[in-house]
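Undergrad:
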Amino acid sequence: MDDVVQVLHVERDLEFARRTAEQLEQVNSQLQVTTVLGSGSAFQTLSNDEYDCIVSEYRLPNGTGLELFDQIQRNYPNLPFILFTEHGSESIAGDAVTAGISDYLQKSEADDDYELLADSISNAVTANETVIEATRERRRFEQVLKTVPSCVVQLNRDGQFVFANDRAETVLGLRQAELEERAYNDPEWDIKDLDGNPIPDNELPFARVLYDGEQVRDRHTIRWPDGKKRVLAVNGAPVMNEGSVESVVCSLTDITDRYRRERRLEKLHEATHELYDAETKQEVAQITSDTADAILEALT
1 MDDVVQVLHV ERDLEFARRT AEQLEQVNSQ LQVTTVLGSG SAFQTLSNDE
51 YDCIVSEYRL PNGTGLELFD QIQRNYPNLP FILFTEHGSE SIAGDAVTAG
101 ISDYLQKSEA DDDYELLADS ISNAVTANET VIEATRERRR FEQVLKTVPS
151 CVVQLNRDGQ FVFANDRAET VLGLRQAELE ERAYNDPEWD IKDLDGNPIP
201 DNELPFARVL YDGEQVRDRH TIRWPDGKKR VLAVNGAPVM NEGSVESVVC
251 SLTDITDRYR RERRLEKLHE ATHELYDAET KQEVAQITSD TADAILEALT
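Counting in full-length UniProt numbering, the sequence shown tops out at residue 300, every number present.
Now the structure itself:
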């Protein structure tokens, strides 16, 4: 927080409001305080200028500070709001916390009242700036992922899908709204290794990335809602925050057709060697039949 912080102080006592503005600006030269009386004046002032934080008394001429907070949130949902009141109580404090205000301070005769309030304003504004920047970063990240030709999904630490780009539907067979109702290990995925064996939850790519904090590459099968089996190449990577895995991003590629071609070539290659060694017509017929069955199995 390096720039001037514009503070709107909503009061019922003009003299106290002026004193508060003077004290805050003395304590912290970055704070620039505008004073208004009542919620009506607050809304008019907000419509004309931009502010970084609201400080309000609880009892106002035409309502309460919490009512003002509720109204402001509808139009300025990210604006920090601090209740600074001489009419405090446990009940009001509880209501303030439940409502989601940034901070609750009770006025007193102590010398450090304004220092505490100035610190509270600075902390609230800094926290809000961090949230706004994180939101911007996430939106930029999502916009980039939407343009990627591969299927990209993001899962939170609980293994729930929180983002999927447009390509996800063609790879996973589910729309984003449907994905959000599934976890990474939902039985309906019917996840198996390439030999057809079920994969334990802790060995799935998501879990390995989450627990090890490292990139993971794997191939496994899933089953679409229509029953079709698809083979996926999975590239999972952690999204780190302060040294811990915050979420997992996976790039998923449908390699079903390629895998089937590989399997057919393998079976034909094996059959060629077996036919070369065959000594009877019966052996040739059996090898041919087994190879045909194996190729058909690779197609399903």
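Ideal placement from N, C-alpha and C gives every residue a C-beta, glycine not left out.
#1: Relative to the alpha-carbon of Gly-196, which residue among Val-231, Pro-205 and Gly-213 has its alpha-carbon at the smallest distance?
#2: Please return the same chain residues whose Cβ sits closer than 7 Å to the Cβ of Val-27, not counting the five positions on each side in sequence.
#3: At 3 residues or longer, and completely inside the region 71-108: list those beta strand (DSSP E) runs for me, N to C.
#4: Quick check on the DSSP output: the beta strand (DSSP E) that includes Gln-6 runs from which residue to which?
#5: With a Cβ-Cβ cutoff of 8 Å, do Asn-235 and Leu-204 count as a contact?
#6: I need the DSSP call for Asn-197, collapsed to helix, strand or coil.
#7: Taking Cys-10 and Ile-121 to be in contact with their CB atoms under 8 Å, please state how far apart those CB atoms are, rounded to whole angstroms.
#8: Where does Gly-65 land, buried or exposed, given buried means 16+ other C-beta within 10 angstroms?
#9: Buried or exposed for Tyr-211, going by 16 or more other Cβ atoms inside 10 Å?
#10: Quick one: measure Cβ to Cβ for Thr-34 and Thr-45, integer angstroms, because I've assumed they're closer than 8 Å.
#11: Identify, in the order they occur along the chain, each residue of the same chain with its Cβ nearer than 7 Å to the Cβ of Ala-168, setting aside the five sequence neighbours on each side.
#12: Are Asp-254 and Val-171 touching if we call contact CB-CB under 8 Å?
#13: Can you tell me whether DSSP reads Pro-205 as helix, strand or coil?
#14: Whose C-beta lies closer than 6 Å to the C-beta of Leu-68 among residues of the same chain, with five residues either side of it excluded?
#15: Helix, strand or coil: which one does DSSP assign to Ser-39?
#16: Under three-state DSSP, which class holds Leu-174?
#17: Please classify Asn-165 as buried or exposed, where buried requires at least 16 neighbouring CB atoms within 10 angstroms.
#18: Between which residues of its own chain and Gly-227 is the CB-CB distance below 6 Å, once the five residues before and five after are set aside?
#19: Of the residues Gln-30, Asp-193 and Ser-89, which one's Cα is nearest the Cα of Asp-218?
TA: So, from the listed chains and residues:
#1: Residue mapping note: residue 196 aligns to position 196 of the sequence shown, counting from 1. Selected option, being the one with the closest Cα: Val-231.
#2: Residue numbering aside, residue 27 sits at position 27 when the sequence shown is read from its first letter. For Val-27, where only same-chain residues beyond five positions count, the Cβ hits under 7 Å are Tyr-114, Glu-115 and Ala-118.
#3: Positions of the beta strand (DSSP E) runs, each at least 3 residues long and wholly inside the region 71-108, are given as 81-85 and 103-106 in order along the chain.
#4: What you label residue 6 is simply residue 6 of the sequence shown in a count that begins at 1. Run containing Gln-6: 5-11, per the beta strand (DSSP E) assignment.
#5: Along the sequence shown, one-based indexing puts residue 235 at 235. Along the sequence shown, one-based indexing puts residue 204 at 204. Contact flag unset, no.
#6: The residue you call residue 197 lines up with position 197 of the sequence shown. It is coil, neither helix nor strand.
#7: Numbered from its first residue, the sequence shown carries residue 10 at position 10. Numbered from its first residue, the sequence shown carries residue 121 at position 121. The residue asked about is misnamed: residue 10 is Val in this sequence, not Cys. That pair is no contact at about 14 Å.
#8: In the sequence shown, counting from the first residue as 1, residue 65 sits at position 65. So Gly-65 counts as buried.
#9: To locate residue 211, count along the sequence shown from 1; it is residue 211. Tyr-211 is exposed by the Cβ-count criterion.
#10: The residue given as residue 34 occupies position 34 in the sequence shown. The residue given as residue 45 occupies position 45 in the sequence shown. At roughly 7 Å, the Cβ-Cβ gap stays under 8 Å, so Thr-34 and Thr-45 are in contact.
#11: Position 168 of the sequence shown, counted from the first residue, corresponds to residue 168. Correct list, in chain order: Cys-151, Val-153, Gln-176 and Leu-179.
#12: Taking the first residue of the sequence shown as 1, we reach residue 254 at position 254. Taking the first residue of the sequence shown as 1, we reach residue 171 at position 171. Yes. Within cutoff.
#13: In the sequence shown, counting from the first residue as 1, residue 205 sits at position 205. If DSSP states are grouped into helix, strand and coil, Pro-205 belongs with the helices.
#14: As a position in the sequence shown, residue 68 is number 68, starting the count at 1. The beta carbon of Leu-68 is closer than 6 Å to those of Ser-39 and Ser-56 in its chain, skipping five residues each way along the sequence.
#15: Here residue 39 refers to the residue found at position 39 when the sequence shown is read from its first residue. It is helical.
#16: Taking the sequence shown and counting its residues from 1, the one referred to as residue 174 is at position 174. Residue state, collapsed to three classes: coil.
#17: As a working note, residue 165 is residue 165 in the sequence shown. Classification of Asn-165: buried, given that the 10 Å Cβ count is 16 or more.
#18: For this step, residue 227 is matched to residue 227 along the sequence shown. Nothing listed; no residue qualifies.
#19: On the sequence shown, position 218 is the one that residue 218 refers to. Looking at the Cα atoms, Asp-193 is the closest of the given residues.
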